[in-house]
Amino acid sequence: MSETVLEVNNLTASFQTLDGEVKAVNGISYELKYGEILGIVGESGSGKSVGVMSLTRLIPPKECTLSGEVIFQGENLLNLHSSDILRVRGDKISMIFQDPMTSLNPVLTIGEQISETIIHHKKVSESEARKNTLELLHLVGIPDVQQRIKKYPHQFSGGMRQRVMIAMGLACKPAILIADEPTTALDVTIQAQIIDLIKKIKDDIGMSVIWITHDLGIIAGLAQRVLVMYAGKIVEEAPVEELYAKPLHPYTQGLLNSLPRLDGSKHEELSPIEGLPPNLIDYPQKCPFFDRCGKRKEICSDPPVLKKTIYPEHLVSCHLY
Amino acid sequence: MHFTSKSGVLKSANKVLKAVDDITLDIEQGETLGLVGESGCGKSTLGRSILQLYQPTSGSVQYRGQDLMQMDRKKLMKVRQKLQMIFQDPYASLNPRMKIGEIIGEPMLIHKIYDKKNIRIKTEELMETVGLNSDFTNRYPHEFSGGQRQRIGIARALAAKPEFIVADEAISALDVSIQAQIINLMKKLQNDLGLTYLFIAHDLAVVRYISDRMAVMYLGKIVELTDSNLIYTDPLHPYTQSLLSAIPIPDPITEKKRDASRVILEGEVPNPEMPPFGCGFCTRCPMKQDVLEKNKINCDLIPPVWNEVKKGHWTACHLYS
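Residue numbers (the numbering used here), protein chains in the order written: chain B, 8 to 328; chain X, 704 to 1024.
Printed below as a string of structure tokens:
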């Protein structure tokens, strides 16, 4: 099925700082389809985390002003009353984060934390919730579930804590799971286990996944479609094979060229992208990649727009096209 | 440079943790030896033990034929000039209360490399060498980005005019596009200054790219050591094989092909306070059963011997006993 599950239109997340306004997310639009894994790739400061946290309004409104639309099941989540968004979070759209040690409650057992979500959203009894929790822990590959359910987060290793977080994320069988760098802090062999787990579960539950990372290797093996973010904007969007085979935006090209590859030649020099990402305070209206782009032209001082190219489903935001 | 039979032990209550267990290693002048392994394998401890930042429990560390562990403080201080380190955390490894000119100049002062009046000039030269603007000597670390701070760390390491540098996860905390800049810089410096590196990291692709030879560590021991290309084309140890299998390659078509033969390890690294009797990897090794049937060796009980299985290719594994 290729029906749309989430539609994001011109989403902007802006922070007022002492020095000026920062648009961490600056007018992004995309769709998430049923059952797909959408990868969002970007480096620090690209706006990828703020972008997904904005979907369920996780950043306090006093700090961050949102505009645009996030359409989910016929409603614009940005217009929902604050008590109504609580219905959606954890139940229909849930999120797992990078560092499970700081995102799990240290004073509750993992059983209590998972059951808490289930009881709150599904209004079932404690014993019913406990039964579900045991099943979930088993599903995510935690051994000795009867014993482990009584333990606290600090008694688990990093990989295990992440599995607990995934169990929490899946507890209410959400339509969308947002995973924000969930394996960055994990060892590579544990990362492989977690990725494998998410792939299997996604199909069992019929879930769509948004996976955020800076790791172009993970995205290659996991996502069906990819958004590349830079300085708060989407600079390129394509099906995964297209993106790696024919990257169009100079930033995407630069990123792919700067990676040492296990299967690559050791003797070619890496081509890094020179310079640094721009300071977003009161950033002028020009292409955000202007200062670092080897291919810039005069017209690039006007902001480019994300639009279609001759390749199907491949969009890029760049005056070269 | 020659290091033999070293053990570093961290005592906790009545238990003994062999962080680094009986490692013998030679590093040749001008080479880059890469050291990889996942968290807790002992690689950072090994790097620090070699430089005597931790006092190794036993063994010897010979630099140009002289054992660092037998030296008195004064002599060690003198030799230390030649042995420097670049640290992982660009935020924690620079004194926040010192200007960067002072940070970089400090080793020159301590080791009396230049007169006070020349230190300033030499500091500025070094900054230019590592790609920093020499006008910034009076700025503080917090005024720089992660990548720039890492360059400051490199300049500081170079200030002492070393011959040997331990780079302990020197680029792991940096964005991908910045990593490439630093890798290129380190390679250039090695060429220009004739440096020898011990490059410690968990990212195999990066380590393979920058290293001549590579050592893989697991649970305090080195399990494989060979030329860095061979580690990829002909990995002998089952742990190395599963590590390589777990590393995502930024190419969707390659990733799909690899899915069929991927080795996903079960379980986690054993508690280093209670390592297995036999081979450290026996709790997770996919080849254990094969070895029992074909070679009639029980990996749980008998530790494997470190052996040169092929020319220049060492491993400790009963598959090759």
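Backbone N, C-alpha and C fix where the C-beta goes; we use that ideal spot for every residue, glycine too.
Bear in mind the structure is a predicted one, so any value in this text is a computation, not a measurement.
### Query
Between which two residues does the alpha helix (DSSP H) containing B/Y328 stretch?
No alpha helix (DSSP H) holds B/Y328; DSSP gives it neither H nor E.
### Task
Say whether the stretch 842-855 of chain X touches the stretch 901-916 of chain X, bearing in mind that this needs 3 or more beta-carbon pairs closer than 8 Å, one atom from each stretch.
no
### Query
Under a Cβ-count criterion, where at least 16 other Cβ atoms within 10 Å of its own Cβ denotes burial, should B/L229 be classed as buried or exposed?
buried
### Task
Starting from B/P254, trace the alpha helix (DSSP H) both ways and give me its first and last residue.
From DSSP, B/P254 is part of no alpha helix (DSSP H); its letter is neither H nor E.
#### Entry: Under 8 Å from the C-beta of X/H905: neighbouring residues of chain B
Residues of chain B whose Cβ lies closer than 8 Å to the Cβ of X/H905 are, in chain order, D194 and V195.
### Message
So that I know if they touch, is there some Cβ in chain X lying closer than 7 Å to that of B/K209?
### Response
no
### Task
Sort out for me which residues DSSP pairs B/T124 with in a bridge.
The partner list for B/T124 (beta bridge, DSSP) is empty, contrary to what the question assumes.
### Task
Give a yes or no on whether the minimum CB-CB distance between X/Y921 and chain B is below 7 Å.
no
### Message
For X/K991, which residues in the same chain have their Cβ closer than 8 Å to its Cβ, ignoring the five residues on either side in sequence?
### Response
C985, C1002 and D1003
### Message
Give me, in chain order, the residues of the same chain whose beta-carbon lies closer than 7 Å to that of B/H145; leave out the 5 immediate sequence neighbours on both sides.
### Response
V152
### Message
Taking the beta carbon of X/Y794 as the centre, do at least 16 other beta carbons fall within 10 Å, making it buried, or is it exposed?
### Response
exposed
#### Entry: Inter-residue Cα distance where the pair is B/D210 and B/I183
12 Å
### Interface flag, X/L652 vs chain B, CB-CB below 7 Å
Lying before the first or after the last residue shown, residue 652 of chain X is absent from chain X, which here runs from 704 to 1024.
### Query
From X/K864 to X/K820, what distance separates their C-alpha atoms?
Rounded to whole angstroms, X/K864 to X/K820 spans 18 Å at the Cα level.
### Message
Using 8 Å as the cut-off, can you tell me whether the stretch 914-924 of chain X makes contact with the stretch 726-742 of chain X, which would need three or more C-beta pairs spanning the two stretches below that distance?
### Response
yes
### Query
So which residues on chain B does X/R911 lean against when the C-beta distance must stay under 8 Å?
P267, L269 and K273
### Query
Is the stretch 794-803 of chain X close to the stretch 833-841 of chain X, with three or more CB pairs under 8 Å?
Flag = yes, the stretch 794-803 of chain X and the stretch 833-841 of chain X touch.
### Message
Between the stretch 106-125 of chain B and the stretch 60-67 of chain B, can you find at least three pairs of beta-carbon atoms closer than 8 Å?
### Response
no
### Query
Would you say X/S715 faces chain B, with C-beta separation under 7 Å as the test?
Any reading at X/S715 is ruled out, since the residue's pLDDT is 48, under 50, leaving its predicted position unreliable.
### Task
Measure how close the beta-carbons of B/L223 and B/L277 come, nearest whole angstrom, since I'm counting them as under 8 Å.
Incorrect: roughly 14 Å between the Cβ atoms, too far for contact.
### Alpha-carbon to alpha-carbon, B/H221 and X/I934
26 Å
### Query
By the criterion of Cβ-Cβ separation under 7 Å, what are the contact partners of B/S51 in chain D?
As a matter of chain content, chain D is missing from the structure shown, whose protein chains are B and X.
### Query
Are any of the Cβ atoms in chain X nearer than 7 Å to that of B/S56?
Answer no: the Cβ-Cβ gap between B/S56 and chain X never drops below 7 Å.
### Task
With X/H1016 as the anchor, note down where its beta strand (DSSP E) starts and where it stops.
Start and end: H1016 to A1019.
### Query
So is X/F706 buried or exposed if we call it buried at 16+ other beta carbons inside 10 Å?
With a pLDDT of 49 at X/F706, under the threshold of 50, the modelled position of that residue is not reliable, and the figure given next carries that caveat. Per the 10 Å Cβ criterion, buried.
### Inter-residue spacing [alpha-carbon to alpha-carbon] between X/M920 and X/G745
7 Å
### Query
From X/K781 to X/I753, what distance separates their C-alpha atoms?
16 Å
### Task
In the DSSP assignment, find the beta strand (DSSP E) that holds B/E76 and state where it starts and stops.
C71 to F79
### Query
Can you list, in chain order, the residues of the stretch 741-768 of chain X whose Cβ is nearer than 7 Å to any Cβ on chain B?
Taken in chain order, the members of the stretch 741-768 of chain X whose beta-carbon sits within less than 7 Å of a beta-carbon on chain B are E741 and S742.
### Task
With a floor of 4 residues, list each alpha helix (DSSP H) that falls wholly inside the stretch 833-903 of chain X, ordered by position along the chain.
849-862 and 879-896
### Task
Let me know the secondary structure DSSP gives B/D26 once reduced to three states.
Assigned with DSSP and collapsed to three states, B/D26 falls in coil, not helix or strand.
#### Entry: Test: X/L968 CB closer than 7 Å to a CB of chain B
yes
### Task
Give me the Cα-Cα distance between B/K180 and B/D98, rounded to the nearest whole angstrom.
7 Å
### Task
May I ask you to report which of helix, strand or coil DSSP gives X/Y766?
strand
### For B/P160, the three-state DSSP class (helix, strand or coil)
It is helical.
### Message
I want to see whether chain B comes within less than 7 Å of X/S708, judged by CB atoms only; does it?
### Response
Reliability fails at X/S708, whose pLDDT of 47 lies under 50, so the model's placement of it is uncertain and the value that follows must be treated cautiously. No, X/S708 does not count as interfacial toward chain B.
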